[in-house]
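Sequences listed follow chains A and B, in order. Reminder that position 197 of the first sequence reads as 197 in this note's numbering, one-by-one numbering, no gaps. Reminder that position 44 of the second sequence reads as 44 in this note's numbering, one-by-one numbering, no gaps. Note that CB positions come from ideal geometry on N, CA and C, so glycine has one too. As structure tokens, the structure follows; a few thoughts come after it.
2 protein chains.
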Amino acid sequence: MNKKQNNIKSIKYRQIIETGTKLFIRHGIKRITVEEICEEAGVSKMTFYKFFANKLELVKQIVTGMMDEGFKFVDNIMAQDIPYEEKVRQNIKHKIEGIRKYGDLFFEEFLRIPELQPYIAEMNSNAVKKIIEIFNTGKAEGAIREDITPEFYQYLLGHLSIMGNDDNLKKVFPDMGHRIETLIDVLFHGVFKTPSN
Amino acid sequence: MNKKQNNIKSIKYRQIIETGTKLFIRHGIKRITVEEICEEAGVSKMTFYKFFANKLELVKQIVTGMMDEGFKFVDNIMAQDIPYEEKVRQNIKHKIEGIRKYGDLFFEEFLRIPELQPYIAEMNSNAVKKIIEIFNTGKAEGAIREDITPEFYQYLLGHLSIMGNDDNLKKVFPDMGHRIETLIDVLFHGVFKTPSN
DNA sequence: CTATAATTAAACAAAATAAGTATAATTTTA
DNA sequence: TAAAATTATACTTATTTTGTTTAATTATAG
């Protein structure tokens, strides 16, 4: 009746997650085999299959972990006593840094896996909910212009992300921090109620 | 009787070589499939197998091409009218740059492929021959100290290569050019007959 | 110390992927 | 426009990967 397996976040589990993440980032998902992850993580195949039904379940849990971390970060920022605009800026920068850190290879392959489409849709929905939540906070605080709709806000955020990772823009602003700041300044100039408008 | 296939270095052939090299450098040899190379190179599988019996034959031809290019470079340098010591310096720098450019992944995997061991041994033997040839030129020109043996010369070169790619040394001398210059200065100080000795 | 849970190692069948070939059709090129 | 080069497709065979089963080993809590 001793239930040690309740150490759900056991050391082996974390080793698999970390190694999987590392290998997926470097080589993409399809190139990496379960056995490879096990060897690199110093874990037997049986242990892997104890925690994950298959490779795609591992992928899901990695992404879920990333999302959770992201939500936690957002919540921390939103609880701070700083201007709303500053909160949004920090959130955006954190998100884009995350995308950069994990690289395109992993995300782009992840998004195209047919079996994962329902999961991806749900993650997306969660993300949108969070964005709307932030948006509503801004509205409530009177920090966002009245005529900006949530849809347009989302649209701006999406394009900010695309532009922030654009290779041409990287040539113009090589430093990521500066690039993102500039993009926020330009794209969100008319969104926030600052002294200037 | 028209023999177009005598375009041995045809455009398709070069595309396969280039794409294969690129993919092997990024992901190593074992992870890359023949079909993947074909797709990326815009070439059908049949064309691939016209030029190469299999993936390892492609690997061989890539390495042979690299070696040939290296030998050509050495011959050019040696034909120039510059001090012997300067020739050796340029050759060493070129070789180490080559190793860096192709990265560890490709070379390390390449060197461990069992089926390629005879080929590797031959390439090695050719390389050693070339080194000895250069050494003998130096001896003939009186540019190398009398008591330096070819074996010791080779030993020094080998360790120069190892040290030039050492991560710890990279922290001390981040710039590769400076690092190699310094190593040559120190390790070969007693090899060349310079005004100072 | 000892029972129990956790992990491993090895062997294995089934599934999936990759290799390599044969054929006919299409495209290039001279 | 005819020969050569290339492709597309379909296919068989080989190899790799998956996921499971089993028994043995290791770690741990009481």
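Check                                                                                                                                                                            : Outcome
Among 16/B, 114/B and 141/B, which residue has its Cα nearest to the Cα of residue 44/B?                                                                                         : 16/B
Taking the C-alpha atoms as reference points, what is the distance between residue 58/B and residue 140/B?                                                                       : 39 Å
If you draw a straight line from the alpha carbon of residue 191/A to that of residue 156/A, how long is it in whole angstroms?                                                  : 10 Å
Starting from the beta carbon of residue 31/B, find every residue of chain A whose beta carbon is closer than 7 Å, and list them in chain order.                                 : 27 and 31
Can you find at least 3 beta carbon pairs, one from the segment 174-189 of chain B and one from the segment 92-100 of chain B, that sit closer than 8 Å?                         : yes
Quick check on DSSP: helix, strand or coil for residue 99/A?                                                                                                                     : helix
On the DSSP letters alone, give me the boundaries of the alpha helix (DSSP H) that residue 113/B sits inside.                                                                    : Run containing residue 113/B: none; DSSP gives neither H nor E here.
Quick one: grab the DSSP three-state call for residue 188/B.                                                                                                                     : coil
Could you tell me the alpha carbon to alpha carbon distance between residue 200/B and residue 48/B, rounded to whole angstroms?                                                  : Here chain B has residues from 1 to 197 only, and residue 200/B is not among them.
Expressed to the nearest angstrom, what Euclidean distance is found between the alpha-carbon atoms of residue 199/A and residue 173/B?                                           : Absent from the model: residue 199/A. The displayed extent of chain A is 1 to 197, so no value can be given.
Excluding sequence positions up to five away, which residues of its chain have a Cβ less than 6 Å from the Cβ of residue 4/B?                                                    : Reliability of the predicted coordinates at residue 4/B is poor, the pLDDT of 42 falling under 50, and the value obtained from them is presented with this limitation in mind. Contacts found: none.
I need the boundaries of the alpha helix (DSSP H) containing residue 164/B, first residue and last residue.                                                                      : 150-164
Could you tell me the alpha carbon to alpha carbon distance between residue 12/B and residue 19/B, rounded to whole angstroms?                                                   : 10 Å
Nearest to residue 29/B by alpha carbon, out of 108/B, 46/B, 87/B and 65/B?                                                                                                      : 108/B
Over what stretch of residues does the alpha helix (DSSP H) that includes residue 168/A continue unbroken?                                                                       : 167-172
Output yes or no for whether 7 Å exceeds the beta carbon distance between residue 142/A and residue 96/A.                                                                        : no
For the putative contact between residue 267/A and residue 87/A, defined by C-beta atoms under 8 Å, what is the C-beta separation to the nearest angstrom?                       : Since the first residue of chain A shown is 1 and the last is 197, residue 267/A is not available in this structure.
Less than 7 Å between C-beta atoms, sequence neighbours within five positions excluded: which residues of the same chain meet that for residue 120/A?                            : 111
Excluding the five sequence neighbours on either side, which residues of its own chain have a C-beta within less than 7 Å of the C-beta of residue 182/A, listed in chain order? : 173
I'd like to know whether the C-beta of residue 100/A is nearer than 7 Å to at least one C-beta of chain B.                                                                       : no
Under 8 Å Cβ to Cβ from residue 118/A, same chain only, skipping five residues before and after it: list those, please.                                                          : none
With 16 as the cutoff for other CB atoms within 10 Å, does residue 60/B come out buried or exposed?                                                                              : buried
Based on the DSSP output, what are the partners of residue 32/A in its beta bridges?                                                                                             : DSSP lists no partner for residue 32/A.
Rounded to whole angstroms, what's the CA-CA distance from residue 137/A to residue 160/A? Just pull it up for me.                                                               : 20 Å
Could you check what DSSP says for residue 144/A in three-state terms: helix, strand or coil?                                                                                    : strand
Give a yes or no on whether the C-beta atoms belonging to residue 52/B and residue 106/B are separated by under 7 Å.                                                             : no
Whose C-alpha, out of 80/A, 64/A, 69/A and 162/A, is nearest the C-alpha of residue 104/A?                                                                                       : 162/A
Under the assumption that residue 154/B contacts residue 131/B (Cβ atoms under 8 Å), give the Cβ distance between them as a whole number of angstroms.                           : 6 Å
Are residue 145/A and residue 31/B close, meaning C-beta to C-beta below 7 Å?                                                                                                    : no
If contacts are defined as beta-carbon pairs under 8 Å, then residue 34/B and residue 123/B qualify, I think. What distance do you get, rounded to the angstrom?                 : That pair is no contact at about 23 Å.
DSSP three-state call for residue 52/A: helix, strand or coil?                                                                                                                   : coil
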